[in-house]
Each structure stands twice: as C-alpha cells, then as structure tokens.
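Undergrad:
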Amino acid sequence: MTKAGSRKYMAAYLLLLPNIILYILVRLVPLFGTFGLSLFRWSMVEDPKFVGFANFARMWRDPNFWIAFKNTLLYTAYVVPAAVFLGLLLAVLLNKDIPGMKVFRTLFFFPYITSPVFVAMIWRSLYSTDQGLINGFLAVFGIESIPWLTSTRWALPSLAIVAIWQIVGYNMLIFLAGLQGIPKSYYESAQIDGAKRWKVFWKITVPLLRPITMFVVIINLIGALQLFDLTYIITQGGPSKATLTLVYYIYNYGFKYMRMGYASAVAIILFVIILGLSIFQKTLFRRR
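Position one of the sequence shown corresponds to residue 19 (the numbering used here), numbered consecutively onward.
#1: Which partner residues of K274 appear in the DSSP bridge assignment?
#2: Mapping the DSSP letters down to three states, classify K214 as helix, strand or coil.
#3: Tell me which residues share the same chain as L264 and place their Cβ nearer than 6 Å to its Cβ, disregarding the 5 neighbours each side in the sequence.
#4: Quick one: residues in its chain with C-beta nearer than 6 Å to the C-beta of W379, no 5 flanking neighbours on either side, listed in chain order?
#5: Please name the residue, chosen from Q209, Y96, G160, R228, that lies closest to L310 on a Cα-to-Cα basis.
#6: Just to check my reading of the structure: N238 and A101 have Cβ atoms closer than 8 Å, yes? What is that Cβ distance to the nearest angstrom?
#7: Can you name, in chain order, every residue of its own chain whose Cβ lies under 8 Å from the Cβ of T198, other than the five neighbours on each side?
#8: Please report the distance separating the alpha-carbon of L111 from that of F74.
#9: Could you give the C-beta distance for T147 and P257, rounded to a whole number, given that I count them as a contact under 8 Å?
#10: Which same chain residues, not among the five before or five after A178, have their C-beta less than 8 Å away from its C-beta?
#11: Less than 9 Å separating the beta-carbons of T249 and Q184?
#12: Under a three-way DSSP split, which group does K114 fall into?
#13: Ignoring anything shorter than 3 residues or poking outside the region 195-239, list the beta strand (DSSP E) runs there in chain order.
#14: Can you give me the Cβ contacts of K259 inside the same chain, cut-off strictly under 6 Å, excluding the 5 residues immediately before and after it?
#15: Give every residue of the same chain whose Cβ lies closer than 6 Å to the Cβ of M232, excluding the five residues on either side of it in the sequence, and list them in chain order.
#16: Would you kindly report the start and end of the unbroken alpha helix (DSSP H) that includes G54?
#17: For R277, does the count of other Cβ atoms within 10 angstroms reach 16, so buried, or fall short, so exposed?
#18: With DSSP run on the structure shown, which of helix, strand or coil describes F68?
In structure tokens form, the structure reads like this:
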C-alpha cells in the first residue's frame, strides 16, 4: 500500500474514532457489565456476592419468567406482522403525486413522534370500560362494553393495538422511501406487457422492497420485544399478569425487589433472544 493510501486509511479511522469510542462506552461496556453483574447477588445496598449461574438457574424455575416470556412473544406476534403490513399498505396508497398528500403522510407519522407517556395516558382513557370513547362508540351500535384493560383476554391485544397505531406511521415512511426509489420504468414495462396491478405489486414492488422489509421487520421485532412503557403506564403488568412482559419483569426485580443480579441475568437472556431472532430474520430474507 502506498503512503497516500495509508494516510487515507488513517484519516478515515481517525474520523471514525469518536463514534467507535462512543459505541464501546454506550453499548459494549454496559453489555459486558450486565453479564458480569448477572453472576452476582446484589441488592444495591449490600456488597455483591458471587453466585455463578445461580440467577439463570432460578430464572428457569420461576413460573413468572415463563409468563412474561410467553406474553412478550405473543405481543410480538400481534404487533410485528400487522404493523409491517399496514405500513406497506399505507405507503402504497400514499405514494401518489396528489396535492395535499404530504398532509396525510404527516398525520400518519405524527403518532410515532408523540411522547409514549402521553400516548399511553390518552389510550388508557379511551379504553376505560365505563367512560371510554371506544365503548361509547360501540354502544351506539348496541354492542356491550368491552373490558379492554381489566380482562385477561383483551388486555394484551389492547396494548398491541396501541403499539401498531403508534409505529405504523414510521413503517409507512420507510416503505415510502423505498417505493420512491424504484425506477418507474419497471412499472411502465409491466403496463406495456398488460400485467395487472396485483401482479405488478407481487412481482416488482415486493421483491424490490425486500431489503427495506427486512429492516422494518427487525426494527419492529426489537421494539416489540422491549415493550415497557405501555405496560408500565396502562396496565402495570395486569390483570393477573396478562400483560407482564420481560422488560417489565426486569424492572420489577431490578428496582422494585432490589435484586439487580437476577434482573441482569434476565436482561442477558432477552439480549440473546433479540440477537437470535434478528439474525434469523436477516438470514431468512437473504436466502429468499
């Protein structure tokens, strides 16, 4: 390598150095610190006591952990497919050069940039069994009030609806950027060949959006597996642990029961789950 090439590489690494240092401090150090803490019993008051993998063994025997694990996966299954599909559908519908279309795009994106705490409080009011607007609207059609947040059957799907409503605008924006990057000549050629719209969508739009779809699915998956704010504000894990999720479970043991070592062990398991599912999704999309 020439001296000029070496200088370019050195300049590139120097420019990247602040980001690399920040990544190490913000990501890697806390990750390894959490793993190290998972091997101790620590109440944040007494001195840490090394217990090895006892926290992981206790987690395996705790039925509440498996309830949180099941609820988290079920919530993810509710949110991710619906949010991705609706985001793509909205992007296709709003991908038009029509006056005023930007207003609709902004309106659909607005819930995503709204404070999660504010969103949770508004939806908690809407879901009220006796005074909520949703049940009031259903009463007009003679439908009995639904216990959205007080029923073990409805509580988790109710949170999923809020999450879908909040994130679908973000998905729409990402898909919209992907749609506008597809050359129009592809669609013009398909029209000349007499292809129908549905076939054009499946044969041209969907394959060319595959990298965008992979990104959206992984981002939605990570977000769904880390559900906390809606659970904390709206249901507090109830009723009867129907909305107990892994992150809320970690919060309870870490800051409520003062068992930081055990909470760190659960956090490591959640990290492994997210990493494994993300790698699986990425591999699946690449093979296809």
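Using N, Cα and C, we set each Cβ at its ideal position, and we do this for glycine too. This structure is a prediction, so every number in the text was calculated from the model and none was measured.
TA: Taking the definition as stated:
#1: Taking the sequence shown and counting its residues from 1, the one referred to as residue 274 is at position 256. Looking at the DSSP output, K274 bridges to nothing.
#2: Residue mapping note: residue 214 aligns to position 196 of the sequence shown, counting from 1. Of the three classes helix, strand and coil, the one that applies to K214 here is coil, per DSSP.
#3: Within the sequence shown, numbered from 1, the residue matching residue 264 stands at position 246. Residues of the same chain with a CB within less than 6 Å of the CB of L264, apart from the 5 flanking positions on each side, are A86, T90, L288 in chain order.
#4: In the structure displayed, the chain extends from 19 to 306; residue 379 sits before or after that span and is not available.
#5: Because the chain in this structure spans residues 19 to 306, residue 310 falls outside the shown range and cannot be described.
#6: Here residue 238 corresponds to residue number 220 of the sequence shown, with the count starting at 1. Here residue 101 corresponds to residue number 83 of the sequence shown, with the count starting at 1. So it is a contact: roughly 5 Å between Cβ atoms.
#7: Here residue 198 refers to the residue found at position 180 of the sequence shown. Contrary to the premise, residue 198 reads as Gln rather than Thr in this sequence. So the list reads N113, once near-sequence residues are dropped.
#8: Here residue 111 refers to the residue found at position 93 when the sequence shown is read from its first residue. Here residue 74 refers to the residue found at position 56 when the sequence shown is read from its first residue. In this structure, the alpha-carbon of L111 lies about 48 Å from that of F74.
#9: To locate residue 147, count along the sequence shown from 1; it is residue 129. To locate residue 257, count along the sequence shown from 1; it is residue 239. In fact, because the Cβ distance is near 12 Å, the residues do not count as touching under 8 Å.
#10: If you number the sequence shown from 1, residue 178 lands on position 160. Leaving aside the five residues that flank A178 on each side, the residues in its chain whose CB is nearer than 8 Å to its CB run, in chain order, Y93, Y96, V97, A100.
#11: For the purposes of this step, residue 249 is identified with residue 231 of the sequence shown, where counting begins at 1. For the purposes of this step, residue 184 is identified with residue 166 of the sequence shown, where counting begins at 1. Contact: no.
#12: To locate residue 114, count along the sequence shown from 1; it is residue 96. Here DSSP, grouped into helix, strand and coil, assigns K114 to coil.
#13: Qualifying beta strand (DSSP E) stretches: none in this window.
#14: Locating residue 259 in the sequence shown gives position 241, where the first residue counts as 1. Same-chain partners within the cutoff: I85.
#15: Counting from one through the sequence shown, the residue named residue 232 turns up at place 214. Excluding five sequence positions before and after M232, the CB atoms of its chain that fall closer than 6 Å to its own CB belong to F303, given in chain order.
#16: One-based indexing of the sequence shown puts residue 54 at position 36. Residues 47-55.
#17: Within the sequence shown, numbered from 1, the residue matching residue 277 stands at position 259. Within 10 angstroms of the beta-carbon of R277 lie 16 or more other beta-carbons, which makes it buried.
#18: The count along the sequence shown starts at 1 and reaches residue 68 at position 50. Of the three classes helix, strand and coil, the one that applies to F68 here is strand, per DSSP.
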